[in-house]
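This report refers to the structure that appears directly beneath it.
Number of protein chains: 2
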Amino acid sequence: MKLRLATPGPTEVPQRLLLAGAREIVHHRSAEMEALIDEINAGLPPLFGTGSPVYTIASSGTGAMEAAVANCFSPGEEVLIVSNGYFGERFQAISRAYGLTAHVVESPWGTSISPREVADAHARHPGIRGVLVVYSETSTGALNDVRAIGEIFRDTDAIVVVDAISGLLVHPVEMDAWGLDVVLGASHKGFMLPPGLAFIALSDKAWTAVERSAGPNYYWSFQRLRQFYPMSSSSPAVSLLLGLHESLKMLGEEGLDAFRERHAGLGRAAERALVALGFSTFIQPPHRRSNVITAALAPEGIDTGTLLKTLSVKYGVTVTGGQAHLKGKLLRIGHVGAADALDLCAVFGALEMALLDCGHRFTPGTGTGEIVRTVHEGEN
Amino acid sequence: MKLRLATPGPTEVPQRLLLAGAREIVHHRSAEMEALIDEINAGLPPLFGTGSPVYTIASSGTGAMEAAVANCFSPGEEVLIVSNGYFGERFQAISRAYGLTAHVVESPWGTSISPREVADAHARHPGIRGVLVVYSETSTGALNDVRAIGEIFRDTDAIVVVDAISGLLVHPVEMDAWGLDVVLGASHKGFMLPPGLAFIALSDKAWTAVERSAGPNYYWSFQRLRQFYPMSSSSPAVSLLLGLHESLKMLGEEGLDAFRERHAGLGRAAERALVALGFSTFIQPPHRRSNVITAALAPEGIDTGTLLKTLSVKYGVTVTGGQAHLKGKLLRIGHVGAADALDLCAVFGALEMALLDCGHRFTPGTGTGEIVRTVHEGEN
Numbered sequence: 015m016k017l018r019l020a021t022p023g024p025t026e027v028p029q030r031l032l033l034a035g036a037r038e039i040v041h042h043r044s045a046e047m048e049a050l051i052d053e054i055n056a057g058l059p060p061l062f063g064t065g066s067p068v069y070t071i072a073s074s075g076t077g078a079m080e081a082a083v084a085n086c087f088s089p090g091e092e093v094l095i096v097s098n099g100y101f102g103e104r105f106q107a108i109s110r111a112y113g114l115t116a117h118v119v120e121s122p123w124g125t126s127i128s129p130r131e132v133a134d135a136h137a138r139h140p141g142i143r144g145v146l147v148v149y150s151e152t153s154t155g156a157l158n159d160v161r162a163i164g165e166i167f168r169d170t171d172a173i174v175v176v177d178a179i180s181g182l183l184v185h186p187v188e189m190d191a192w193g194l195d196v197v198l199g200a201s202h203k204g205f206m207l208p209p210g211l212a213f214i215a216l217s218d219k220a221w222t223a224v225e226r227s228a229g230p231n232y233y234w235s236f237q238r239l240r241q242f243y244p245m246s247s248s249s250p251a252v253s254l255l256l257g258l259h260e261s262l263k264m265l266g267e268e269g270l271d272a273f274r275e276r277h278a279g280l281g282r283a284a285e286r287a288l289v290a291l292g293f294s295t296f297i298q299p300p301h302r303r304s305n306v307i308t309a310a311l312a313p314e315g316i317d318t319g320t321l322l323k324t325l326s327v328k329y330g331v332t333v334t335g336g337q338a339h340l341k342g343k344l345l346r347i348g349h350v351g352a353a354d355a356l357d358l359c360a361v362f363g364a365l366e367m368a369l370l371d372c373g374h375r376f377t378p379g380t381g382t383g384e385i386v387r388t389v390h391e392g393e394n
Numbered sequence: 015m016k017l018r019l020a021t022p023g024p025t026e027v028p029q030r031l032l033l034a035g036a037r038e039i040v041h042h043r044s045a046e047m048e049a050l051i052d053e054i055n056a057g058l059p060p061l062f063g064t065g066s067p068v069y070t071i072a073s074s075g076t077g078a079m080e081a082a083v084a085n086c087f088s089p090g091e092e093v094l095i096v097s098n099g100y101f102g103e104r105f106q107a108i109s110r111a112y113g114l115t116a117h118v119v120e121s122p123w124g125t126s127i128s129p130r131e132v133a134d135a136h137a138r139h140p141g142i143r144g145v146l147v148v149y150s151e152t153s154t155g156a157l158n159d160v161r162a163i164g165e166i167f168r169d170t171d172a173i174v175v176v177d178a179i180s181g182l183l184v185h186p187v188e189m190d191a192w193g194l195d196v197v198l199g200a201s202h203k204g205f206m207l208p209p210g211l212a213f214i215a216l217s218d219k220a221w222t223a224v225e226r227s228a229g230p231n232y233y234w235s236f237q238r239l240r241q242f243y244p245m246s247s248s249s250p251a252v253s254l255l256l257g258l259h260e261s262l263k264m265l266g267e268e269g270l271d272a273f274r275e276r277h278a279g280l281g282r283a284a285e286r287a288l289v290a291l292g293f294s295t296f297i298q299p300p301h302r303r304s305n306v307i308t309a310a311l312a313p314e315g316i317d318t319g320t321l322l323k324t325l326s327v328k329y330g331v332t333v334t335g336g337q338a339h340l341k342g343k344l345l346r347i348g349h350v351g352a353a354d355a356l357d358l359c360a361v362f363g364a365l366e367m368a369l370l371d372c373g374h375r376f377t378p379g380t381g382t383g384e385i386v387r388t389v390h391e392g393e394n
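Protein sequence lines correspond, in order, to chains A and B.
Take any residue in the first sequence, note its place counting from 1, add 14, and you have its number in this note's numbering.
Take any residue in the second sequence, note its place counting from 1, add 14, and you have its number in this note's numbering.
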């Protein structure tokens, strides 16, 4: 059985990138690799909207989140955590592990954070050293307005730390213009690579926080990253860097605007198809939805746990369900990176088959037809 | 843009086989390669329904067709060619090139050959040394009854040469039981490999013909194949043999019955989907259709040349059209090898988009819905 990935990440890696990463290991101090790392270091900052260096480390996205906490704050310091899903909660857990005092602005899963509430929380806690926020919350598909949040803290001493791991590339990130101080990314989302690389961009304001921080950190040390730059502070993940070099070329060939339009089109098509099949959109206006995944609540009587299992075991398609209280209710279809409309046709073909298996009644072709219709309308 | 192949061959090669073929080149006289070739030589005959050796050569399928002509007959000898499509015509061209006198039993494109007409032709030309027939005629999607043709010649001196290049694996081939004398295969159809290998199986009766033949031949020489067996008479295509070894494992894991049922299901789904979209089935009963491809005539006003170009340029999907007088009218969708129902969902998604581009009117999801319905019905 063929396996198909339609998750928020890892995503399907195009053969071109798999082959680039399958090359023999080149030593990272070789002239060839140094030239290639220079190109990577030149290619990343524009994607973050920054003139500052972007550091690449061997780690998952969670490592980058921990690195930000471990480098920018000290035990006992106050931070504000903006949380409307699973990854907002992860920022809380990491902050607890590092002994920070976290004030949480919580918003229900399925909503976007209100910048006004963030400003109010800041007013209540003027001593915070920073705010930690997730851009695209992949547990729900909500997009947070990090631009407005950046604006709130621009003229304060508090830094803005953004987990842009899934949102980067798919949605605009203008780090310098929006006043964001730490922006985190990872390889297995829009970059279309296997997991294993994380990206960290730091503003001058962030460096002030780093220099003041008591840590503790070593592998995560931003100061070591800066000291060894442009090379890596530890052995770099060579295969993934070879892939990243090629990924930047692919992104350049497609162009960021086209990349974003493609993802917006996929999100629109997936949402319409889910609605046509009787699902209800999880993110409702005025809340903003991410184009990384499309999340929807299953029709009455359909358990998404059973649906996911059928999709995976019988049809080889991996999509994700709801976490925590949304388990069994939510369905999340990922379409980030190399996914195209015809992949969605295959994924929705399997979804329709699995829904029929689960006893749901509808005319076959209802979902796939919406994909075809949306793509065709989008072009004409 | 992602590229998707839905042609009668080359077909999409599963990553498992690509990786097997991407290994370093092993010398063909090494102990490892000799053991692997022994396993290949043991694995192929059951797929041909024979107890005789199956020879593997570095060549396309056409090379195997030429080898059969060059080894089994002599200039000036009479043969009967059964022709109902492009590959039947190829047998005629090769026979002309080798100076044979060919009597042709022709049947219109889109029909299966009538075994009775073959018997009648034999009665008119009792001096023929052999009959050449295509099993699955991929230019039209017709399947010829090679079993019945084998029966006609069983107790005669004439040998039966079968081009089973696309039909092998997808449809049963019982060479010994059906009295077939030369059966030809190739790597890039049911075997799911890249093009480059051809297979030749020979009965004892075929060897009598070979020993009598005046050639000319050298690379194609069956006597050299026998002399060097189990090794190759020339440098073997090592990468493809590495892939073939893995392909035989994959076929063994799926099982031939399941492999055939899968292809029958894909043929049924593709035909229903095409009919639902306004196409008309090209092969009508009592003529038999091959499960290698599904061929259908386009609805009034749709030029399949334009359609193919749109599919390829705009959606990255390669399907094939009609050859000769069917150019612009016929559409042929391949689903041989590793193709599955979700691949068909993607291909039909693209076909629907391209049909909308060409101005054809229908409810989007009409074709993909038939795929979903047929697969689901087939399972329940």
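The C-beta atom is built at its ideal place from N, Cα and C for all residues, glycine as well.
Quiz item: Is the distance from the Cβ of residue 418 of chain A to the Cβ of residue 164 of chain A below 7 Å?
Solution: Past the boundaries of the shown model lies residue 418 of chain A; chain A is included only from 15 to 394, so the question cannot be answered.
Quiz item: At a CB-CB cut-off below 8 Å, which residues of chain A make contact with residue 359 of chain B?
Solution: Within the second sequence, the letter at position 345 stands for residue 359 of chain B. Those within 8 Å of residue 359 of chain B in chain A are 359, 360, 362, 363, 364 and 382.
Quiz item: Closest Cβ-Cβ distance between residue 202 of chain B and chain A: below 7 Å?
Solution: Against the second sequence, residue 202 of chain B aligns to sequence position 188. Answer no: the Cβ-Cβ gap between residue 202 of chain B and chain A never drops below 7 Å.
Quiz item: Do we get a CB-CB distance below 7 Å when we pair residue 16 of chain A with the residues of chain B?
Solution: Walking along the first sequence from the start, residue 16 of chain A turns up at place 2. Answer yes: the Cβ-Cβ gap between residue 16 of chain A and chain B drops below 7 Å somewhere.
Quiz item: Whole-angstrom Cβ separation of residue 360 of chain A and residue 50 of chain B, contact assumed at under 8 Å?
Solution: Reading the first sequence from its first residue, position 346 is the one you call residue 360 of chain A. Reading the second sequence from its first residue, position 36 is the one you call residue 50 of chain B. Not a contact, Cβ separation roughly 34 Å.
Practice problem: At 9 Å on the CB atoms, spell out the chain A contacts of residue 279 of chain B, in chain order. | Solution: On the second sequence, position 265 is the one that residue 279 of chain B refers to. Correct list: empty, because the minimum Cβ distance to chain A is about 12 Å.
Quiz item: Going by the CB atoms, is the gap between residue 166 of chain A and residue 132 of chain A shorter than 7 Å?
Solution: Within the first sequence, the letter at position 118 stands for residue 132 of chain A. Within the first sequence, the letter at position 152 stands for residue 166 of chain A. A contact, by the Cβ cut-off of 7 Å.
Self-check item: Sub-7 Å separation of residue 214 of chain A and residue 329 of chain A beta-carbons
Solution: Residue numbering aside, residue 214 of chain A sits at position 200 when the first sequence is read from its first letter. Residue numbering aside, residue 329 of chain A sits at position 315 when the first sequence is read from its first letter. For residue 214 of chain A and residue 329 of chain A, no; Cβs fall outside 7 Å.
Self-check item: Proximity test, residue 253 of chain B beta-carbon vs the ligand ZN heavy atom, cut-off 6 Å
Solution: Although the ligand ZN was asked about, the structure shown includes no ligands whatsoever.
Quiz item: Which bits of chain A does residue 387 of chain B rub up against, with CB to CB less than 7 Å?
Solution: The sequence position of residue 387 of chain B within the second sequence is 373, counting from 1. Here the neighbours are 378.
Exercise. Take residue 141 of chain B and list the residues in its own chain whose beta-carbon comes closer than 6 Å to its own, dropping the five residues that flank it on each side.
Key: Looking up residue 141 of chain B in the second sequence gives position 127. Counting only Cβ-Cβ distances below 6 Å, and skipping sequence neighbours, we find 92.
Exercise. Give the DSSP bridge partners of residue 18 of chain A, in chain order.
Key: Here residue 18 of chain A refers to the residue found at position 4 when the first sequence is read from its first residue. Paired residues: A/331.
Quiz item: Does the beta-carbon of residue 111 of chain A have 16 or more other beta-carbons within 10 angstroms, so that it is buried, or is it exposed?
Solution: Counting from one through the first sequence, the residue named residue 111 of chain A turns up at place 97. It counts as exposed.
Quiz item: Which ranges does the beta strand (DSSP E) cover as unbroken runs of at least 3 residues, wholly within the stretch 314–392 of chain B, from first to last along the chain?
Solution: Fully enclosed beta strand (DSSP E) runs of 3 or longer: 344–348.
Quiz item: Since residue 120 of chain B is in the alpha helix (DSSP H), which residue starts that stretch and which ends it?
Solution: Reading the second sequence from its first residue, position 106 is the one you call residue 120 of chain B. Premise fails: residue 120 of chain B lies in the beta strand (DSSP E), 115–120, not in any alpha helix (DSSP H).
Self-check item: Whether residue 153 of chain A touches residue 199 of chain A by CB criterion (7 Å)
Solution: Translated into positions along the first sequence, residue 153 of chain A becomes position 139. Translated into positions along the first sequence, residue 199 of chain A becomes position 185. Not in contact: residue 153 of chain A and residue 199 of chain A (Cβ atoms no closer than 7 Å).
Quiz item: Shorter than 7 Å from the beta carbon of residue 256 of chain B to some beta carbon of chain A?
Solution: Locating residue 256 of chain B in the second sequence gives position 242, where the first residue counts as 1. Not one chain A Cβ lies under 7 Å of residue 256 of chain B.
Practice problem: With 8 Å as the C-beta to C-beta threshold (strictly closer), list the residues of the stretch 333–354 of chain B near chain A in chain order. | Solution: 352 and 354
Practice problem: Answer with yes or no whether the minimum CB distance from residue 370 of chain B to chain A is below 7 Å. | Solution: Indexing the second sequence from 1 puts residue 370 of chain B at position 356. Yes - at least one Cβ of chain A is within 7 Å of the one on residue 370 of chain B.
Exercise. Give the residues of chain B in contact with residue 322 of chain A, contact being defined as C-beta atoms less than 7 Å apart.
Key: Taking the first residue of the first sequence as 1, we reach residue 322 of chain A at position 308. Within chain B, no C-beta atom comes less than 7 Å from the C-beta of residue 322 of chain A; the nearest is roughly 16 Å away.
Quiz item: Beta carbon of residue 278 of chain A, beta carbon of residue 305 of chain A: below 7 Å?
Solution: Counting from one through the first sequence, the residue named residue 278 of chain A turns up at place 264. Counting from one through the first sequence, the residue named residue 305 of chain A turns up at place 291. Yes, the Cβ-Cβ distance between residue 278 of chain A and residue 305 of chain A is below 7 Å.
Practice problem: Whole angstroms is fine: what's the gap from residue 266 of chain A's alpha carbon to residue 387 of chain B's? | Solution: Residue numbering aside, residue 266 of chain A sits at position 252 when the first sequence is read from its first letter. Residue numbering aside, residue 387 of chain B sits at position 373 when the second sequence is read from its first letter. Residue 266 of chain A and residue 387 of chain B: Cα-Cα distance of roughly 41 Å.
Quiz item: Which parts of the stretch 41–90 of chain B are runs of the alpha helix (DSSP H), unbroken and 4 residues or longer, counting only runs that do not cross its ends?
Solution: 45–62 and 75–86
Quiz item: Per DSSP, which one or two residues make a beta bridge with residue 127 of chain B?
Solution: Counting from one through the second sequence, the residue named residue 127 of chain B turns up at place 113. Beta-bridge analysis with DSSP links residue 127 of chain B to no other residue.
Quiz item: Since residue 367 of chain A meets chain B, which of its residues come closer than 7 Å, beta carbon to beta carbon?
Solution: Translated into positions along the first sequence, residue 367 of chain A becomes position 353. By Cβ distance, chain B contributes 386, 389 and 390.
Quiz item: Taking just the CA atoms, how far does residue 84 of chain A sit from residue 275 of chain A?
Solution: Counted from its first residue, the first sequence places residue 275 of chain A at position 261. Counted from its first residue, the first sequence places residue 84 of chain A at position 70. In a straight line, the C-alpha of residue 275 of chain A is about 36 Å away from that of residue 84 of chain A.
Quiz prompt | residue 354 of chain A, buried or exposed, once every other Cβ within 10 Å from all chains shown has been counted against 16 | solution = The residue you call residue 354 of chain A lines up with position 340 of the first sequence. With 16 or more other Cβ atoms within 10 Å, it is buried.
Quiz item: With 16 other CB atoms within 10 Å as the buried threshold, where does residue 60 of chain A fall?
Solution: Looking up residue 60 of chain A in the first sequence gives position 46. Per the 10 Å Cβ criterion, exposed.
Quiz item: What residues are listed by DSSP as bridge partners for residue 294 of chain A?
Solution: Translated into positions along the first sequence, residue 294 of chain A becomes position 280. Answer by DSSP bridge pairing, in chain order: A/311.
Practice problem: Please classify residue 52 of chain B: is it buried, with 16 or more other beta-carbons within 10 angstroms of its beta-carbon, or exposed? | Solution: Numbered from 1 along the second sequence, position 38 holds the residue referred to as residue 52 of chain B. Residue 52 of chain B is exposed by the Cβ-count criterion.
Quiz item: Buried or exposed: residue 242 of chain A, going by 16 or more other Cβ atoms within 10 Å of its Cβ?
Solution: What you label residue 242 of chain A is simply residue 228 of the first sequence in a count that begins at 1. By the neighbour-count rule (16 or more Cβ atoms within 10 Å), residue 242 of chain A is not buried but exposed.
Quiz item: At what residues does the beta strand (DSSP E) containing residue 97 of chain B begin and finish?
Solution: Locating residue 97 of chain B in the second sequence gives position 83, where the first residue counts as 1. Residue 97 of chain B -> beta strand (DSSP E) spans 92–97.
Quiz item: residue 223 of chain A bridges to which residues according to DSSP?
Solution: Position 209 of the first sequence, counted from the first residue, corresponds to residue 223 of chain A. None, per the DSSP bridge assignment.
Quiz item: Straight-line CA distance for residue 349 of chain A to residue 315 of chain A?
Solution: The count along the first sequence starts at 1 and reaches residue 349 of chain A at position 335. The count along the first sequence starts at 1 and reaches residue 315 of chain A at position 301. Approximately 26 Å between the Cα atoms of the pair.
Practice problem: Jot down the residue ranges of each uninterrupted alpha helix (DSSP H) in the stretch 256–303 of chain B, minimum 4 residues, whole runs only, in chain order. | Solution: Listed in chain order, the alpha helix (DSSP H) elements of length 4 or more contained wholly in the stretch 256–303 of chain B are 270–290.
Quiz item: Does the beta carbon of residue 356 of chain B come closer than 7 Å to any beta carbon on chain A?
Solution: Indexing the second sequence from 1 puts residue 356 of chain B at position 342. It does; some Cβ of chain A falls within 7 Å.
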